[in-house]
Amino acid sequence: MEQWVRNKDISVDVRIQVIIRWKTGKSVRCIGQILKFSKSTVFNIIRRFKKTNSAGTKQRSGRLRAFSEREERWIVRQAHINPKTSAVKLSLKCKSRFRKSVIPETVRNVLKKHKYHGRVPRRKTYISKANRKSRLAFAKMYVKQPTEF
């Protein structure tokens, strides 16, 4: 049995160009030559436009997202403000703020998606400019010394 390979979707902008050219009276073949598409592709775009009166793509099936982009940004902002907040506490905050009951794993997935992992960075000691100079001078003094002195 032969496998069907789905091609990439044609962008909405290009579809609108096809429709504009079709409305100005250009033939399907001429539009195909200009935009480098087969005439069947151009014809299908026009036929779908006649049927739905829209050049957009139809909504596809799939699981709905738990959070909108705005809600995800809020979660990331909360994690940025206080990195030690647990996912459990963030999920409770989401429940009170957005009236959505989600498990902590969903919050963790959102944070991982935005490159916030459950890791704490190492503390870097602060070295003042004066100490930096003296350390550098000390190091330079011993660079030229042989290994066994």
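Residue numbers 736 to 884, in our numbering, belong to the letters of the sequence shown in order. From the three backbone atoms N, C-alpha and C, an ideal C-beta is built for every residue, glycine too.
So, residue i versus residue j, is the Cβ gap smaller than 8 Å?
i, j, result
"V677", "I810", "One cannot answer for residue 677 here, as it falls past the ends of the chain, which runs 736 to 884."
"P818", "S826", "no"
"R834", "A790", "no"
"R764", "K774", "yes"
"D744", "T787", "no"
On a Cα-Cα basis, can you pick out the residue from the options that is closest to residue i?
i, options, result
"V747", "P839, S796 and V777", "V777"
"Q813", "K875, V837 and V845", "V845"
"H852", "S836, S863 and A822", "A822"
"K847", "S762, Q794 and R808", "R808"
"E806", "Y861, R832, K868 and T882", "R832"
Assuming residue i and residue j make a contact with CB atoms under 8 Å, what is their CB distance in whole Å?
i, j, result
"R756", "I766", "5 Å"
"I754", "F784", "5 Å"
"K828", "S836", "12 Å between Cβ atoms; not a contact."
### Task
Identify every run of the alpha helix (DSSP H) within the region 750-785, keeping only runs that are complete inside it and at least 4 residues long; order them along the chain.
Within the region 750-785, the complete alpha helix (DSSP H) runs of at least 4 residues are 763-770.
#### Entry: Continuous alpha helix (DSSP H) assignments of at least 4 residues falling wholly in the region 826-850
839-848
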